[in-house]
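Student: Sequences listed follow chains A and B, in order.
According to the working numbering, the residues represented by the first sequence are 1 to 339, in order.
According to the working numbering, the residues represented by the second sequence are 340 to 635, in order.
Virtual Cβ for every residue (Gly too), placed ideally from N, Cα, C.
Model, not experiment: these values are computed from the prediction.
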Amino acid sequence: MRRATVRSVEKTAAGASLASSVNAALAGRSLGGELAGSDVALRRLLSGLPGVDQVGAEARAAALATRSVKRESKLRALELAIAMIDLTTLEGADTPGKVVALCAKARRPDPSDESVPAVAAVCLYPDLVGIAHRQLAGSSVRVAAVATAFPSGRASLAVKLADTREALDAGADEIDMVIDRGAFLSGRYGQVYEEVRAVREACADATLKVILETGELATLDNVARASWLAMLAGADFVKTSTGKVNPASTAPAALVMLSAVRDFHVATGRRVGVKVAGGIRSAKDAIRYLVLVAETAGEQWLNPMSFRIGASSLLNDLLMQRSKQLTGVYAGHDYFTID
Amino acid sequence: MPERLPGAERPRSGRLEVHKTYKLFIGGAFPRSESGRSYVVSSAGGRRLANAALASRKDARDAVAAARAAQPAWASSTAYNRGQVVYRLAEMLEGRAAQFAASVAAAEGATARASRRIVAASIDRLVWYAGWADKFAQVVGSSNPVAGPYFNFTIPEPTGVVAVLAPQVSSLLGLVSVLAPVVVTGNAAVVVASEARPLPAVTLAEVAATSDVPAGVVNVLTGRTGELAPVLAGHMDVGALDISGAAPDARPDLERLAAGNLKRVLVLEEDWAAVPSLRRLRAFVEVKTVWHPVGI
Chain A
1 MRRATVRSVE KTAAGASLAS SVNAALAGRS LGGELAGSDV ALRRLLSGLP
51 GVDQVGAEAR AAALATRSVK RESKLRALEL AIAMIDLTTL EGADTPGKVV
101 ALCAKARRPD PSDESVPAVA AVCLYPDLVG IAHRQLAGSS VRVAAVATAF
151 PSGRASLAVK LADTREALDA GADEIDMVID RGAFLSGRYG QVYEEVRAVR
201 EACADATLKV ILETGELATL DNVARASWLA MLAGADFVKT STGKVNPAST
251 APAALVMLSA VRDFHVATGR RVGVKVAGGI RSAKDAIRYL VLVAETAGEQ
301 WLNPMSFRIG ASSLLNDLLM QRSKQLTGVY AGHDYFTID
Chain B
340 MPERLPGAER PRSGRLEVHK TYKLFIGGAF PRSESGRSYV VSSAGGRRLA
390 NAALASRKDA RDAVAAARAA QPAWASSTAY NRGQVVYRLA EMLEGRAAQF
440 AASVAAAEGA TARASRRIVA ASIDRLVWYA GWADKFAQVV GSSNPVAGPY
490 FNFTIPEPTG VVAVLAPQVS SLLGLVSVLA PVVVTGNAAV VVASEARPLP
540 AVTLAEVAAT SDVPAGVVNV LTGRTGELAP VLAGHMDVGA LDISGAAPDA
590 RPDLERLAAG NLKRVLVLEE DWAAVPSLRR LRAFVEVKTV WHPVGI
């Protein structure tokens, strides 16, 4: 039961050939790339991935969700989760004032308690990046921008690249791009790969997170393939969802992605991060994801450089649960900011 | 031996009696305790009546969360409407008077006649408070003469979530007398039922669930008062606390916990049979005074 899901690639015969073909693919890329634009080569590689046992993945995720984290461990988990948050606002009604308030909260989540860590980043639409960049100057909090025609990704590559550059010019440290799910689902892997590559190049030193939108990918096999595709094309993070599609982040999809980054690390030595986003509102959910990370990818992923949680209202719940742990009485909504 | 009432019969002729398992009432639903615990409820004469859920602190937390979610909409409904809902509760009680009389007789060891009187008094008490719903603001509120160009007026507003430790002895009349004033003024209630006599409270919850009381406005927990009271007294989302049902030696600690977020605390032991005063209606409202400029 413990390894009922995606088998580690290095442990299987299929995995050995996969690892060699991944390395060949990466080598090819650095040479200028036969992989580039080749649907056939990519399809051969991605369909060679070990299949995902969907029932097993769901059972494993459900079993891990029952784990109880208490007292000192819970306090540590809550603080770790706070440090992993990409504090997000992606509304049509976002105003400069709201972004300023969000940035203040990101720097110091609990104004009455200095010991609460700052969050990892704020996540915004590109036109608001400039405001956030100025507000967060001198802090550890990074600015992430959703780019490439978020959330649908339905625009030409030129528009997507312009969107990305605009965000970077305004001071974004991280880019959250969406893949073209239509192209992926119709088998045009080459096109998806090329787009991620192009955005990767535009990003230069900025961190690139690739949103797979698992809610639209239909199967967990597709989630594994999209994860590998994004990682091969140079993603620093693979991210579950935009938060605009239901279902957003689910535990089985996250489990598959965490297995994929672990296997990619084994095959290539490069550590790709995972970001879960959408519908994570309670501290309990966040802690379940941390358990999933530790048990699937490993504890080396349990830091803000390798795992992120995209959320907005989650932060208040984490702060309230932390307060409960420290004071012994249940916290009240009236004592935390409205956002 | 009091005369037999329906529902209080002993098994006859080989038929196996179906014992009811009573559950909690949280957010309009009837969950078992999160802890999975239950306890045996006995009649005043020591006969086993039923199993009731033994609520844990997490059930108390869930009940407060449900109450908090329901309270703003309840407070913003019109006072007239709140009165109608409480009146509806009285109507429903009337229709199930026989069941409540049996339940009270078993719980309190009262005679059939006395328990029928208690149920009638409970129904009348609900009607009394229902009538006050759209009148007490006129009595408690005022327009104030001030030396300045202002129209100055004072109105009562609900406190929010009120935790109520129901009376331990009077299982129905006492319960109704402490619950009704909390909800007619626009608060949401988390009630800890009498520890030894919880069944009338759960039956009242079943009445509330099938009348027009919005989910979460009334929540009923059964279990150890001494275990649940400190959790509710310390909870920062609870705005006020009625500790009349707590043991006298437990009250100072509860008041200290309640001071954490300056909860209003009510300790008021009364004769439930007597005509109530407005004290309970006043106990869980905040007074808001508005200075409205005039003539500018």
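Pairs of beta-carbons, one from the region 349 to 369 of chain B and one from the region 95 to 106 of chain A, closer than 8 Å: are there three or more?
Tutor: No, they do not touch.
Student: Hey, is residue 596 of chain B's beta-carbon within less than 9 Å of any beta-carbon in chain A?
Tutor: Translated into positions along the second sequence, residue 596 of chain B becomes position 257. True, the Cβ-Cβ gap to chain A drops below 9 Å.
Student: Where does the unbroken beta strand (DSSP E) through residue 86 of chain A begin, and where does it stop?
Tutor: Stepping through the first sequence from its first residue, residue 86 of chain A is reached at position 86. Where residue 86 of chain A is concerned, the enclosing beta strand (DSSP E) stretches over 85 to 88.
Student: Is the region 459 to 475 of chain B touching the region 431 to 443 of chain B, taking contact as three or more C-beta pairs under 8 Å?
Tutor: Touching, yes.
Student: Between which two residues does the beta strand (DSSP E) carrying residue 277 of chain A extend?
Tutor: Locating residue 277 of chain A in the first sequence gives position 277, where the first residue counts as 1. Per DSSP, residue 277 of chain A belongs to the beta strand (DSSP E) from 273 to 277.
Student: Starting from residue 405 of chain B, trace the alpha helix (DSSP H) in both directions and tell me its first and last residue.
Tutor: As a first step, residue 405 of chain B is located in the second sequence; it is residue number 66 there, counting from the start. From DSSP, the alpha helix (DSSP H) with residue 405 of chain B extends over 396 to 415.
Student: I'd like to know whether the C-beta of residue 334 of chain A is nearer than 9 Å to at least one C-beta of chain B.
Tutor: One-based indexing of the first sequence puts residue 334 of chain A at position 334. Residue 334 of chain A counts as touching chain B.
Student: Taking the straight line between their C-alpha atoms, what separation do you get for residue 321 of chain A and residue 331 of chain A?
Tutor: To locate residue 321 of chain A, count along the first sequence from 1; it is residue 321. To locate residue 331 of chain A, count along the first sequence from 1; it is residue 331. So the alpha carbons of these two residues sit roughly 7 Å apart.
Student: Would you mind telling me which residues of chain B sit closer than 9 Å to residue 331 of chain A, beta carbon to beta carbon, in chain order?
Tutor: By one-based count along the first sequence, residue 331 of chain A stands at place 331. What residue 331 of chain A touches in chain B: 574, 575, 576.
Student: Closest to residue 533 of chain B by C-alpha separation, out of B/501, B/434, B/567, would be which residue?
Tutor: Along the second sequence, one-based indexing puts residue 533 of chain B at 194. Considering only alpha carbons, the answer is B/567.
Student: With burial defined as no fewer than 16 other Cβ atoms inside 10 Å of the residue's Cβ, what is the status of residue 630 of chain B: buried or exposed?
Tutor: Numbered from 1 along the second sequence, position 291 holds the residue referred to as residue 630 of chain B. Flag for residue 630 of chain B reads exposed.
Student: Taking DSSP as the reference, what is the three-state secondary structure of residue 94 of chain A?
Tutor: Residue numbering aside, residue 94 of chain A sits at position 94 when the first sequence is read from its first letter. Residue 94 of chain A: coil per DSSP, three-state reduction.
Student: Kindly indicate if chain B contains any beta-carbon less than 9 Å away from that of residue 328 of chain A.
Tutor: For the purposes of this step, residue 328 of chain A is taken as the residue at position 328 of the first sequence. Yes - at least one Cβ of chain B is within 9 Å of the one on residue 328 of chain A.
Student: So which residues on chain A does residue 600 of chain B lean against when the C-beta distance must stay under 7 Å?
Tutor: Numbered from its first residue, the second sequence carries residue 600 of chain B at position 261. Within chain A, the residues near residue 600 of chain B are 332.
Student: Along the chain, where does the beta strand (DSSP E) containing residue 177 of chain A start, and where does it finish?
Tutor: Taking the first sequence and counting its residues from 1, the one referred to as residue 177 of chain A is at position 177. Where residue 177 of chain A is concerned, the enclosing beta strand (DSSP E) stretches over 174 to 178.
Student: Under 9 Å between beta-carbons, which chain A residues line up against residue 407 of chain B? List them in chain order, please.
Tutor: For this step, residue 407 of chain B is matched to residue 68 along the second sequence. By Cβ distance, chain A contributes 332, 333.
Student: So with CB distances below 7 Å, who are the chain A contacts of residue 400 of chain B?
Tutor: Here residue 400 of chain B refers to the residue found at position 61 when the second sequence is read from its first residue. Per Cβ cutoff of 7 Å: 330.
Student: Quick one: which unbroken alpha helix (DSSP H) runs of 4-plus residues sit fully inside the region 195 to 240 of chain A? Chain order, please.
Tutor: Segments of the alpha helix (DSSP H) lying fully in the region 195 to 240 of chain A: 220 to 232.
Student: Look at the alpha carbon of residue 33 of chain A and the alpha carbon of residue 226 of chain A, and state the distance between them as a whole number of angstroms.
Tutor: One-based indexing of the first sequence puts residue 33 of chain A at position 33. One-based indexing of the first sequence puts residue 226 of chain A at position 226. With a pLDDT of only 48 at residue 33 of chain A, under the threshold of 50, the placement of this residue in the model should not be trusted, and no figure is reported.
Student: Going by DSSP, what residues sit across from residue 364 of chain B in a beta bridge?
Tutor: Counting from 1 along the second sequence, the entry for residue 364 of chain B is found at position 25. DSSP, once it has assigned bridges, lists B/559 as partnering residue 364 of chain B.
Student: Report yes or no: is there a C-beta of chain A within less than 9 Å of the C-beta of residue 403 of chain B?
Tutor: For the purposes of this step, residue 403 of chain B is identified with residue 64 of the second sequence, where counting begins at 1. With 9 Å as the cut-off, residue 403 of chain B counts as an interface residue toward chain A.
Student: Using 8 Å as the cut-off, can you tell me whether the region 424 to 432 of chain B makes contact with the region 394 to 412 of chain B, which would need three or more C-beta pairs spanning the two stretches below that distance?
Tutor: No: fewer than three Cβ pairs fall under 8 Å.
Student: Bridge partners of residue 631 of chain B, per DSSP?
Tutor: Numbered from 1 along the second sequence, position 292 holds the residue referred to as residue 631 of chain B. In DSSP, residue 631 of chain B forms a bridge with B/490.
Student: Within 8 Å: the Cβ of residue 558 of chain B and any heavy atom of the ligand HEM?
Tutor: Looking at this structure, you won't find the ligand HEM or any other ligand, since it has none at all.
Student: Between residue 424 of chain B and chain A, is the shortest Cβ-Cβ distance under 9 Å, so that the two count as touching?
Tutor: For this step, residue 424 of chain B is matched to residue 85 along the second sequence. Closer than 9 Å: no.
Student: Return the CA-CA distance between residue 209 of chain A and residue 84 of chain A, expressed in angstroms with no decimal places.
Tutor: Locating residue 209 of chain A in the first sequence gives position 209, counting from the first residue. Locating residue 84 of chain A in the first sequence gives position 84, counting from the first residue. Taking the straight line joining both Cα atoms gives about 14 Å.
Student: Tell whether a beta-carbon distance below 9 Å holds between residue 466 of chain B and residue 429 of chain B.
Tutor: By one-based count along the second sequence, residue 466 of chain B stands at place 127. By one-based count along the second sequence, residue 429 of chain B stands at place 90. The answer is yes: Cβ separation under 9 Å.
Student: What distance in whole Å lies between the Cβ atoms of residue 557 of chain B and residue 396 of chain B, which are believed to be in contact at a cut-off of 8 Å?
Tutor: Mapped onto the second sequence, residue 396 of chain B falls at position 57. Mapped onto the second sequence, residue 557 of chain B falls at position 218. That belief does not hold up - the Cβ atoms of residue 396 of chain B and residue 557 of chain B are roughly 20 Å apart, past 8 Å.
Student: Distance check for residue 97 of chain A and residue 245 of chain A, CA to CA, integer angstroms please.
Tutor: Along the first sequence, one-based indexing puts residue 245 of chain A at 245. Along the first sequence, one-based indexing puts residue 97 of chain A at 97. Looking at the two C-alpha atoms, the distance is approximately 27 Å.
Student: Helix, strand or coil: which one does DSSP assign to residue 329 of chain A?
Tutor: Translated into the one-based positions of the first sequence, residue 329 of chain A becomes position 329. Residue 329 of chain A falls in the coil class under three-state DSSP.
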